[in-house]
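Chemist: Protein chains in written order, with our numbering: chain A, 1 to 496; chain B, 1001 to 1211.
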Amino acid sequence: MTETDSQDTKGIVFNFLIELGCCKRCALRFVGDSNTNYDNPTDDVKKLTRKDLGQNSNDENVFKKSKPNPCIICLDLLQDTTLQTMILNPELEKVLEYDSDTFVNYVSLPKAVLIREHSMEICVKEKFPQFFKDRNVIALNRAWSLSIQNKLAQRLEKKYDKNSYLQIQFNTSYVLDKEESLVMLLLEDKSRKHSIQHDPLSCKNVTSSLQTINSELFKQKVSIPPATPTKALDVEQVFYKHDHVFIAGRYCKYARNMFQTPWSGDDIQVEISSVQEKIFDHIENSFSAMVFSSSGREDFDVRTLGRGRPFFIKICDPKRTKVSFEKFRQIEQAVKHTKVVEVRDLQFIDRRYLSNIKEGEQFKKKTYRALCIVDKPENLTAYIDKINNISAVTLQQKTPLRVYHRRSSDIRERQIYSLKAKVINGKKNLLELDMITQAGTYIKEFVHGDLGRTTPSLCEIVGGYIDIIALDVLDIHLDFPPSINHKVKNHQTVNY
Amino acid sequence: MEVEKEESEEIPSTSSNPEEDPGPSQARVETESDDEDIEIPSILDSITQQQIDEFRPFHERYFEKKYCTRFTTDTVNLDTCVRIHTNKISLIYLSEKHSVIQNQQRLQSIDFQVSKKVNRLKNAMFGKGKRGAQLLQPDSILCHMETVDGARYPVHACVYGKLLEINSRVIKEPNFLLDDLNEGFLAIILPDLRRHEENVKSLKSVEEYNT
């Protein structure tokens, strides 16, 4: 086929569709190519109607003569008036509050429209089999998106990007939707019945049904081409949200009287602050709801030192998403000023790396330092020798008494990978104990034995009474998030 | 938070190309970071001398000591000591004034089959709520101690609650119950929270017990 022939056929198909009652954009979907300008289709339409057998060169008349009824496929979704209504929605003002440079837009379609589209596809493929042999029809959503994108970009002062985190959802409805889509129940493919759960008339199910439905069966129940509608679809609300973003880091806790997250019990004063609050105070302001998550947690009276415990914060629907390298460092400094909490390695992180942190909770080793007191100072050196002679220990820990009220009864096997004790200058009854243990080990119980319910205990090992006065977490052996090199300024997030 | 115009660190766009985004672990810049400069504050300095001096052993630290005298008669002292943890879990011990201890008797065995159907050693439970655990009332019998000279002494639960555990060290060696009044508890009981106040009221404090 030569190009002019092809252009001819395009014109024929185009006019065929217009005569049937399609709007100009719908007709273009069937004949257009990648250069079609859905935003402003005047030129494309002109080209196609130039070879029209009709006498009028005035395009407007082409459409005047078409019936005042809505487009038989899209129910006027793709008409200028509808698009205009959508653009002018006052709700979109609020989208300007988001600092995201990009957006992506979606539209919900009434099921009736999907059915009409399917019907028209069957119709044109039967009428023009050669033309449609290798040709794909542009989908309604896509055409709608192309039609409205530029105007939307202007209105929102942002750029369209199909991968954008800022999602704007336009909704539509159609009064006769239920009636027109009831036919899908009659067309239900018996063999697929079991896989269509719940609502066979849901959008998702209708779409998948249409993909596999037998054309002959369809033609029996649904008019080909689609019947002329009397009502157009209605534009409903627009919804918008920015996908969650995540900030990761590591925190240190220097206080021995602080929870990790705010206490939710009823019998303890709420004045005791938490690590979470100290961090949130300096991060938020215009961010929306935030959720704190970490790789495990330490007791109220235990400090976390060294490079700290990995954590991340989920920020829901953030309006502010641009935080510079310097700003993160400023936040770190501000938190440092509280003297009780410190954070490091603050950075945005993509959600796909988050599983690392929760896996780490169960499998990663931890390094602890304990300050221990002994019953008999004269035995101190002997105890220290006994401890240092041990290379590793395997523990059987019954559920510790202190958590027994809220945990199930169990015996947990845990490893202590190394133990090292040393004297403390000037203290006759104290020793300092460094240990590397498996995740999930109850350290305090290992030292004092929990009345025989953790065995072997340090008491058993030294052959006397030894207890723990203070405990510090020195390291959580998990490399998350990537450490920030302060000397490198222009930190590239994507290639970290 | 102001919007930074320069050097913005924006959200990484979803990159479907794995080579562009090696992920955290591979691209980590180790040695040049500040890790080696991280100071570890002294653990000794993080507590006070007072805390060291006032430090009490585990069995005293979190527990309030109480006594149950309601089963003692004129002929025999069956007092028990109930240590209540801050989380309300209660441990049952023999009191130092218990006849068996006062008379310096030795145990031959402990019988946990307290009735035809109930054996305290066959206590099975599921989950955090400890469902299926044996229910106890103050006069429920935890066990019968059998001395070498053939005497039998019951030990009562003293509180309303669920039986969680019998001390495995006592099962192994019954006389541990007599020899170590700090670590030799008999049973761990999860008290019935609705009746916890009642439980506590029915017990005597250390001062009351010793006057």
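For glycine and all other residues, C-beta sits at the position ideal for the given N, C-alpha and C.
Who are the Cβ neighbours of residue 243(A) in its own chain at under 6 Å, not counting the five residues just before and after it?
Modeler: So the list reads 165, once near-sequence residues are dropped.
Chemist: Roughly how many angstroms lie between the CA atoms of residue 12(A) and residue 135(A), to the nearest whole one?
Modeler: Roughly 15 Å separates the two Cα atoms.
Chemist: Hey, out of 199(A), 95(A) and 171(A), whose CA is closest to residue 154(A)'s CA?
Modeler: Ranking the options by Cα distance to residue 154(A), first place goes to 95(A).
Chemist: Determine the extent of the alpha helix (DSSP H) in which residue 421(A) is found, giving its start and end residues.
Modeler: Counting along the chain, residue 421(A) falls outside any alpha helix (DSSP H), though it belongs to the beta strand (DSSP E) covering 411 to 424.
Chemist: Output the residue ranges of the beta strand (DSSP E) runs that lie fully inside the region 297 to 336 of chain A and measure 3 residues or longer, sorted by chain position.
Modeler: DSSP runs (the beta strand (DSSP E)) wholly in the region 297 to 336 of chain A: 303 to 315.
Chemist: My assumption, with CB atoms under 8 Å, is that residue 170(A) sits in contact with residue 107(A). Please give the rounded CB distance.
Modeler: That pair is a contact at about 5 Å.
Chemist: Quick check: the Cα distance between residue 1207(B) and residue 1095(B), rounded to an integer number of angstroms?
Modeler: Cα to Cα, the separation comes out at about 14 Å.
Chemist: Which class does residue 40(A) belong to by DSSP, given the choice of helix, strand or coil?
Modeler: Residue 40(A): coil per DSSP, three-state reduction.
Chemist: What three-state label does DSSP hand residue 379(A) in the structure shown?
Modeler: Residue 379(A) falls in the helix class under three-state DSSP.
Chemist: So with Cβ pairs under 8 Å, would you call residue 1087(B) a contact of chain E?
Modeler: As a matter of chain content, chain E is missing from the structure shown, whose protein chains are A and B.
Chemist: Look up residue 356(A) in the DSSP assignment and say whether it is helix, strand or coil.
Modeler: In the structure shown, residue 356(A) sits in a helix (DSSP, three-state: H, G or I).
Chemist: Rounded to a whole number of angstroms, what is the C-alpha to C-alpha distance between residue 318(A) and residue 337(A)?
Modeler: Roughly 26 Å between the two C-alpha positions.
Chemist: Can you list, in chain order, the residues of its chain whose CB lies under 6 Å from that of residue 399(A), leaving out five sequence neighbours each side?
Modeler: Excluding sequence neighbours, residue 399(A) sits near 407, 409 and 410.
Chemist: Listed from N- to C-terminal order along the chain, which residues in the region 1041 to 1060 of chain B have their beta-carbon within a distance smaller than 8 Å of any beta-carbon of chain A?
Modeler: Result list: 1041, 1043, 1044, 1046, 1047, 1051, 1052, 1055, 1057, 1058 and 1059.
Chemist: Please report the distance separating the alpha-carbon of residue 1190(B) from that of residue 1065(B).
Modeler: Taking the straight line joining both Cα atoms gives about 16 Å.
Chemist: Taking the C-alpha atoms as reference points, what is the distance between residue 453(A) and residue 347(A)?
Modeler: Cα to Cα, the separation comes out at about 43 Å.
Chemist: Provide the residue(s) that pair with residue 372(A) in DSSP beta bridges, ordered along the chain.
Modeler: DSSP output for residue 372(A) lists 431(A) and 468(A) as bridge partner(s).
Chemist: Round the Cβ separation of residue 115(A) and residue 180(A) to the nearest angstrom and send it over; I've been treating them as touching at under 8 Å.
Modeler: Going by Cβ atoms, the distance from residue 115(A) to residue 180(A) rounds to 6 Å, so yes, they are a contact pair.
Chemist: Using only alpha-carbon positions, find the residue among 298(A), 299(A), 260(A) and 186(A) that is nearest to residue 292(A).
Modeler: Checked all of 298(A), 299(A), 260(A) and 186(A); the closest Cα to residue 292(A) is 260(A).
Chemist: How many angstroms separate the CA atom of residue 46(A) from the CA atom of residue 30(A)?
Modeler: If I take the Cα positions, the gap works out to 16 Å.
Chemist: If you draw a straight line from the alpha carbon of residue 100(A) to that of residue 320(A), how long is it in whole angstroms?
Modeler: About 7 Å.
Chemist: Count Cβ pairs between the region 448 to 467 of chain A and the region 374 to 393 of chain A that sit closer than 8 Å; are there 3 or more?
Modeler: The region 448 to 467 of chain A vs the region 374 to 393 of chain A: in contact.
Chemist: What is the C-beta distance between residue 186(A) and residue 143(A), in whole angstroms, given that I count them as a contact (C-beta under 8 Å)?
Modeler: Their Cβ separation, rounded to whole angstroms, is 29 Å, which puts residue 186(A) and residue 143(A) out of contact at 8 Å.
Chemist: Out of 326(A), 461(A) and 389(A), point me to the one whose CA is closest to residue 485(A)'s CA.
Modeler: It is 326(A).
Chemist: Are the C-beta atoms of residue 1038(B) and some chain A residue less than 8 Å apart?
Modeler: Closer than 8 Å to some Cβ of chain A, the Cβ of residue 1038(B) qualifies, so yes.
Chemist: I want to verify the contact list: residues of chain B whose CB lies under 9 Å from the CB of residue 277(A), in sequence order.
Modeler: Correct list: empty, because the minimum Cβ distance to chain B is about 18 Å.
Chemist: Just to confirm, is the Cβ distance from residue 1164(B) to residue 1177(B) under 8 Å?
Modeler: Their beta carbons are not under 8 Å apart, which means residue 1164(B) does not touch residue 1177(B) by this criterion.
Chemist: For residue 158(A), count neighbouring C-beta atoms within 10 Å of its own C-beta (all shown protein chains included) and say buried if the count is 16 or more, exposed if not.
Modeler: Counting Cβ neighbours within 10 Å, residue 158(A) comes out buried, since at least 16 surround it.
Chemist: Quick one: Cα of residue 1198(B) to Cα of residue 1160(B), how far?
Modeler: Cα to Cα, residue 1198(B) sits roughly 9 Å from residue 1160(B).
Chemist: Does DSSP put residue 1068(B) in a helix, a strand or coil?
Modeler: DSSP places residue 1068(B) in strand when its eight states are reduced to three.
Chemist: Can you pull the chain A residues whose beta carbon is under 7 Å from the beta carbon of residue 1125(B), in chain order?
Modeler: Result: 409.
Chemist: Check the DSSP bridge columns for residue 1143(B) and list the partner residues they point to.
Modeler: For residue 1143(B), which the question treats as bridged, DSSP gives the partners 1155(B).
Chemist: Establish whether the CB of residue 1183(B) and some CB of chain A are separated by less than 8 Å.
Modeler: Yes - at least one Cβ of chain A is within 8 Å of the one on residue 1183(B).
Chemist: For the structure I just gave you, are there three or more beta carbon pairs, one from the region 215 to 225 of chain A and one from the region 144 to 152 of chain A, closer than 8 Å?
Modeler: Because the criterion of three Cβ pairs below 8 Å is not met, the region 215 to 225 of chain A and the region 144 to 152 of chain A do not touch.
Chemist: Could one say the Cβ of residue 1194(B) lies closer than 8 Å to chain A's Cβ atoms, at least one of them?
Modeler: It does not: the Cβ of residue 1194(B) has no partner Cβ on chain A nearer than 8 Å.
Chemist: Tell me which residue opens and which closes the beta strand (DSSP E) that residue 1111(B) is part of.
Modeler: Unbroken beta strand (DSSP E) run through residue 1111(B): 1107 to 1111.
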